[in-house]
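Trainee: Counting the sequence shown from 1 gives a position; this note's numbering is that position plus 1166.
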Amino acid sequence: MDDQTTDTDVLTAAAQHATAALGGFGAMGHLSASASRGLHLIASSGLPRAVTRNWEDIRITDSVAPARAFRTGEFAFASTANRPERNPSDPPHPSPAADVSARSAMAAVPLSGPDGPLGVLSVLLPVTDALSAEERTFLGEVARWAAERLRLAPPTPDTVSRTLLGTPPERAPGQGPGETSTEFEFEFDVQANEVVLDERLLDAIGIERETFDGRLSTFDDYVHPDDLPWVVGDVEQALRTRGRADSEYRVRRSDGTYAWVRFRGRAVSHRGSEPTRLVGTMSYTTETHAALESVGRALAHMSDGFLSVDRDGRIGFVNVAAERLFGRPRDLVGRSLWGVYVVRKVPLLEERSRRAVATGVPDGFEVPWPDTDRWYHLRLVPLADGLTLYITDVTERRLREAERAAAERAAAERAAFTTRLTRALAEATTTRDVTAAVAESVLPPLHATGLVILALGNERLDLVGSVGYPPALLDRLHGMPVVAATPLGEVLRTRAPKFIESPEDLVAGHPGPVDCPITEGKQAWAFLPLIVSGREIGVVVVSFDRPRHLTGDERSLLTVFGGQLAHTLERARQYDVATTRARDLQNALLPRALPSLPAITAAARYLPAGHGADIGGDWYDIIPLSGDRVALVIGDVMGHGMPEAATMGRLRTAVRTLSDLELPPDDVLTRLDDIVGELGEESFVTCLYGVYDPTTQILTYANAGHLPPVVAHRDGTASLLTFDPDPPLGIAAPPFGVHDVSLPDGSFVVLYTDGLVETPGLNIDKGLRHLTETVAAALADRDGPAREPDELCDAVTAALLPEHRRTTDDTALLVARTCSLSPGDIATWALPEDPTAAGQARHHVHEQFRIWHLGEELEMATELIVSELVGNVIRHATGPIQLRLLRSRTLICEVTDGSLTTPHIRHAHATDEGGRGLQLVAAMAQRWGTRYTLTGKCIWTEQALDA
């Protein structure tokens, strides 16, 4: 039974089933036309027309079994199927011989509906005994089955909204069948059992005029059995309420086919009596219904669900697809859509449907269907007389879209993974950077917990980087030989990745003892060979803490990753080699260690740029001078690279050479400017050269374009020495200015290059202020560790060059703390310009040695040195003459005069009386030399103090 099955089909099927199962002569199905008209025969099975004609209409008050079953709503049985009472106008009954019902028993059961009996199912039986309990139960089940499928309404296509078809055109009166419809007058007289109508209507319908006798009962015979109950009901209701009737139903033509008509009438009474007549018009509507049926069939069997409702929300049509979602048409047609259980569970359906009807604007949306895993698209189309609802199953489309979205998402994730990894590897410069990039980009997406990168060399594997492995295990990996029977040896031999999903797979693939420390502590592994230019350079291993099945996409990504990593690792290793060589060269050009000097305690830092293998031109130096003086040097050759480093090396060597000549700071810079000038017009160098004298506590310096020093005192105050610097070497115009700064005992002087105070995001003015504040703050904390130069270097670099801030320039930092010579360790005497000066000098030495408690042997050597130096001055130079002894780590003896003549050691011949004095001085002293002063020169010697 489908949605187009009529009530006649349902009752015929029920009658056939009951007849066959109970062994009856036949069966009949009646439906109630109205309370006054009684029961009307709708369908029969196995009975001739001569029998069924007697049972076409049964009064409700009759005593026959069908009437009793309808009245009581229960099973009724008659041992003799007496014929029902007949109206006077009915034709006479056939003879008993022709009526099998007269010789049969009859069993009847009601067709029950929600509001009472709808009709009766009756069976004519060849026995006079009542049915057994089982047979009665069976007959009741058949009746219940039929009652559930009764539509009690015209066929479904008739409920399709006429708005879908438009308005049919008019046609002239009297046009025949197949032509456009018009209206004809009619009159029903129920009491007189008469029908008065325009005979042209009979022509239009297709009923031969001579077959119609004008009786109402005859006209009822023309009405389709399924429609008769409703037609009679509408007429009786109009008469009862003195109202109007408006029905559309099917009428049988003379050829046995059916035509559609529509009648509109009103009840008419005579002088206030009860109405018995209905007067109105009737029109031929077959063409409209043909179109409706065509549309209805299309709608009924289309794959999408479809239902229509009127403006009040009552359901008028439900097709097969919608029936599966909402329920059977019998349970739905005529009901309010909003009262249907499943509709109440569809989010926003009622609200949006009412809005579509109110606004006249179509709407559509997708919802999950209640109590299922399906999704549907609901299309709401408002019409003039209501609303149509189209329901399309979009589950498969959504699944395809979800699959496509998942595939696109997976592709996007793969692309993002590849892009992220490619960017990370492109930015990685060192092997440490490569390890960090892989750990950050590869391990989290795969939920991996371990990473080992091994480089191949001389049939051994060297550890490049790792994550997630204990140090003890890594020590075993470093320098491990390549063993063919291990996964590492296998991937290097085959050059193909190997994926092991569990320890069981590892044992299955390598059943013998496997000496492969990398498999310890993990549960799954991906071994990827690293191949560059056709040669194996190593293996990377990604490992997991639990068994892990890698999908095809994941394996493809890891294979691609292995290829990218191989080239990146090769580049990074070359970079590491180049960087190491550059750093070694840089370190070779800088002081290996700062000298330990009595006048200065110093510390230094050299910080290369954040990345790049080029070496820079920044340098610093501390050079011991005579008289415990110290030269402090810092410089910066502009640019990076080997030429700049070579220039820095030449200048540092030149500075040390010029310092040995004891030249003053401005003369040193003048000589350096000449050297830089010879390098070319594009060479520029900044340099600061200063000399600290512990006897005077004064720093004398010259500055060629370099940043000003920071000077800090023991009380924690710090300031920049803001003397205007001269231009850099290479573009300077000597002479250079000389500046004197008093540095009491314990003072700090901080020299630095621009990389310390000028970084991305920090301009040089802020950097200088930050440096000064950092030095002051570090020294102000008397309990802090920064009271020593080394700790102050750490504090400065930590504050101005934190690890997260990359620099684009090298940085040199030199911190020196002064230590002045005590006045008690300084002895100075003026000597006369005559031969007695030597004797006085020896006397002064003798007396001072007694005060300092120095040894006799040292005293004798010192007296001899002093005699020779003073004698040379008397003999070869001019005054004034001065002798000064300094007790420091060594004993320093200085003789000054007013001459610029520099003494030189001569190789005296055996016959020469003189020329051996300076040889004697050189033999007795550790070091000796000459330096120029503002008024002449100073000859000095150093001797070791007694232990």
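Each residue gets a CB set at the ideal place from its N, CA and C atoms; glycine is no exception.
Please state if the CB of V1834 and the CB of L1824 are separated by a distance shorter than 8 Å.
Mentor: The answer is yes: Cβ separation under 8 Å.
Trainee: Please return the same chain residues whose Cβ sits closer than 6 Å to the Cβ of A1296, not counting the five positions on each side in sequence.
Mentor: Result list for A1296: F1243, in chain order.
Trainee: Taking the alpha helix (DSSP H) that N2038 falls in, what are its first and last residues?
Mentor: First-last of the alpha helix (DSSP H) with N2038: E2022 to H2042.
Trainee: For the beta strand (DSSP E) that F1531 lies in, which residues bound it at each end?
Mentor: From DSSP, the beta strand (DSSP E) with F1531 extends over D1529 to P1534.
Trainee: Could you tell me the alpha carbon to alpha carbon distance between E1702 and R1737, rounded to whole angstroms?
Mentor: Straight-line Cα distance between these residues: approximately 14 Å.
Trainee: Tell me the rounded alpha-carbon separation between I2105 and L1827.
Mentor: Distance between the alpha carbons of I2105 and L1827 is about 12 Å.
Trainee: Could you tell me the alpha carbon to alpha carbon distance between R1983 and Y1855, rounded to whole angstroms?
Mentor: So the alpha carbons of these two residues sit roughly 16 Å apart.
Trainee: Using a beta-carbon distance below 8 Å, is V1434 in contact with chain D?
Mentor: In the structure shown, chain D does not exist; there is a single protein chain.
Trainee: Going by other Cβ atoms of all chains shown within 10 Å of its Cβ, with 16 needed for buried, is G1718 buried or exposed?
Mentor: With fewer than 16 other Cβ atoms within 10 Å, it is exposed.
Trainee: Does the separation of the CB atoms of L1553 and V1523 fall below 8 Å?
Mentor: It is a contact, given that the beta carbons lie within the stated cut-off.
Trainee: Give every residue of the same chain whose Cβ lies closer than 7 Å to the Cβ of A2110, excluding the five residues on either side of it in the sequence, and list them in chain order.
Mentor: So the list reads T2056 and Q2092, once near-sequence residues are dropped.
Trainee: Could you spell out the range, first to last residue, of the beta strand (DSSP E) harbouring R2050?
Mentor: Per DSSP, R2050 belongs to the beta strand (DSSP E) from I2047 to R2053.
Trainee: Please state whether DSSP places P1763 in a helix, a strand or coil.
Mentor: Residue identity differs from the one stated: residue 1763 is Leu in this sequence, not Pro. In this structure, L1763 counts as coil in the three-state DSSP scheme.
Trainee: Return the CA-CA distance between P1761 and R1771, expressed in angstroms with no decimal places.
Mentor: When rounded, the distance between both Cα atoms is 15 Å.
Trainee: Is S1913 closer than 8 Å to R1880 when the C-beta atoms are compared?
Mentor: Contact flag set, yes.
Trainee: Please report the distance separating the alpha-carbon of R1432 from that of H1390.
Mentor: Computed Cα separation, rounded: 22 Å.
Trainee: Considering D2114, what are the terminal residues of the beta strand (DSSP E) in which it resides?
Mentor: For the chain, the structure presents residues 1167 to 2113; residue 2114 sits outside this window and is missing.
Trainee: If you check the beta carbons only, do S1210 and A1233 fall under 8 Å apart?
Mentor: For S1210 and A1233, no; Cβs fall outside 8 Å.
Trainee: Mind checking G1285: buried by the 16 CB within 10 Å criterion, or exposed?
Mentor: Classification for G1285: buried.
Trainee: Between which two residues does the beta strand (DSSP E) harbouring V2114 extend?
Mentor: This structure cannot settle anything about residue 2114, because the visible part of the chain is limited to 1167 through 2113.
Trainee: Please look up how many angstroms separate the CB atoms of A1993 and L2051, rounded, as I've assumed it's under 8 Å.
Mentor: Contact holds; Cβ gap of about 4 Å.
Trainee: Keeping to the same chain, check which residues put their C-beta closer than 7 Å to that of G1655; ignore five residues upstream and five downstream.
Mentor: If we look at G1655 and ignore the five residues flanking it on each side, its Cβ neighbours are V1648 and V1649.
Trainee: Would M1808 be called buried (16 or more neighbouring beta carbons within 10 Å of its own) or exposed?
Mentor: That one is exposed.
Trainee: Using the beta-carbon count (16 or more within 10 Å), is L1331 buried or exposed?
Mentor: With a pLDDT of 41 at L1331, under the threshold of 50, the modelled position of this residue cannot be trusted, and the question is left open.
Trainee: Out of S1519, T1447, R1408 and P1292, which one is the CA nearest neighbour of E1351?
Mentor: Comparing Cα-Cα distances from E1351 to each of S1519, T1447, R1408 and P1292, the minimum goes to T1447.
Trainee: Do the region 1786–1797 and the region 1720–1739 touch if we need at least three Cβ pairs shorter than 8 Å?
Mentor: Cβ pair count under 8 Å is below three, so no.
Trainee: Restricting to Cα atoms, I'd like to know which of S1849, P1831 and G1843 is closest to G1805.
Mentor: Residue S1849 is the option with its Cα nearest to G1805.
Trainee: Could you tell me which of A1299, T1178 and S1278 sits nearest to E2172, measuring between CA atoms?
Mentor: A question about residue 2172 goes unanswered here, because the residues of the chain that appear run from 1167 up to 2113.
Trainee: At which residue ranges does the region 1788–1841 contain complete alpha helix (DSSP H) runs of 4 or more residues, listed in the order of the chain?
Mentor: Within the region 1788–1841, the complete alpha helix (DSSP H) runs of at least 4 residues are 1808–1826.
Trainee: Would the beta-carbon of L1979 fall within 8 Å of that of C1959?
Mentor: Yes. Within cutoff.
Trainee: Between the beta-carbon of D2112 and the beta-carbon of L2024, is there less than 8 Å?
Mentor: Cβ atoms of D2112 and L2024: closer than 8 Å.
Trainee: Out of P1713, V1673 and H1676, which one is the CA nearest neighbour of V1689?
Mentor: According to the sequence provided, residue 1689 is Gln. The question's Val does not apply to it. Of the candidates P1713, V1673 and H1676, the one whose C-alpha sits nearest the C-alpha of Q1689 is P1713.
Trainee: For my contact list, V2061 and V2087 are in at a C-beta cut-off of 8 Å; report their separation, rounded to the angstrom.
Mentor: The Cβ separation is near 10 Å, so there is no contact.
Trainee: For T1423, count neighbouring C-beta atoms within 10 Å of its own C-beta (all shown protein chains included) and say buried if the count is 16 or more, exposed if not.
Mentor: Burial call: exposed.
Trainee: Considering only the alpha carbon of each residue, which of G1372, L1696 and W1221 lies closest to R1419?
Mentor: Checked all of G1372, L1696 and W1221; the closest Cα to R1419 is G1372.
Trainee: What does the alpha-carbon distance come out to for the pair G1526 and R1366?
Mentor: So the two alpha carbons sit approximately 42 Å from each other.
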